[in-house]
Amino acid sequence: MINAEIVLGLPDYQIIEITRKNAEVVITARYTGPLSCAHCGGKLLRSKGGYRRTVRHEDGGLRHCFLRIEARKSLCLECGRQSRQRLIGLLPWQRASEAFQKAIFQQHLDGINRSRLGRREGIGGATVERYFQHGLRRQFTEWHPPRCPTVLGVDEHFFTRRKGYATTFCDLRNHKVYDVVLGLRSFRWKRIS
Ligand SMILES: [Zn+2]
């Protein structure tokens, strides 16, 4: 029995088959996690058969890896709508797993240019760019939680001769930079409670 979590880095899958052909590895796996309605989260479901979805996944060495997932379609007895099972690690409508998109983001960030990375991974340069932008947005939300810091520190630094000063806002409770804006005290104090 192959441990799917170690091979795929995803929980709740059972590996059925691994095939290797030239430069490609195809892993067929079945979703074994809990089932719920994609619309309302309801658990009272009637099976409407299976569906298959193939996405690009993290490479194993220099071979391109594809993940063929088998999961269920079901009719929800609570809201009456039909849906495909939502899969952990694979966002709906995406042609690649989140792990693959993260790997592309990291490699581009490390300095491998768009066209070279695209050629190496067999995807277009525009796709590399899209995954990279997506990664930046994800990282930004991780660094900037939507909540405003409770204790805010304000500091001004000389930035460049042309652009002048930059004002840094720090979350003093968590010792993190919250935001940086160009300009010198170009804001008005506002009391937020
Ligand atoms: Zn439902």
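For the sequence shown, our numbering begins at 169 and goes up steadily by one. Note that beta-carbon positions come from the ideal geometry of N, C-alpha and C, so glycine has one too. All values reported here derive from a predicted model rather than from experimental measurement.
In the DSSP assignment, E185 forms a beta bridge with T196. Closest in alpha carbon position to T187, among A172, C233, V348, G210, is C233. In terms of Cα proximity to G218, the closest of T295, A239, G351, E310 is A239. In this structure Q253 does not touch L176 by the C-beta definition: roughly 16 Å separates them, more than the 8 Å allowed.
The Cβ-Cβ distance between V296 and G286 falls below 7 Å. Nearest to P179 by C-alpha distance, out of H276, V349, G257, E266, is G257. Counting the other Cβ atoms within 10 Å of the Cβ of A197 gives 16 or more, which makes it buried.
Apart from sequence neighbours up to five positions away, the residues of its chain that approach L245 with a beta-carbon distance below 8 Å are G210, L212, L213, R214, ordered along the chain. The beta carbon of C208 sits closer than 6 Å to at least one heavy atom of ligand 1.
Looking only at F326, C316, T222, G351, the smallest Cα-Cα distance to V345 is reached by C316.
Around the beta-carbon of I291, 16 or more other beta-carbon atoms lie within 10 Å, marking it buried. Taking 6 Å as the cut-off, one finds at least one heavy atom of ligand 1 near enough to the beta carbon of E246. Assignment of E324 by DSSP, reduced to helix, strand and coil, places it in the strand class. Just so you know, the alpha carbons of Q269 and E226 end up roughly 8 Å apart.
For a cut-off of 8 Å, the C-beta gap from R220 to R236 is around 6 Å, short enough to register as a contact.
C205 has its CB nearer than 6 Å to a heavy atom of ligand 1.
Setting aside the 5 residues that flank it on each side, A271 is surrounded in the same chain by E226, D227, each with a C-beta closer than 8 Å to its C-beta; the list follows chain order.
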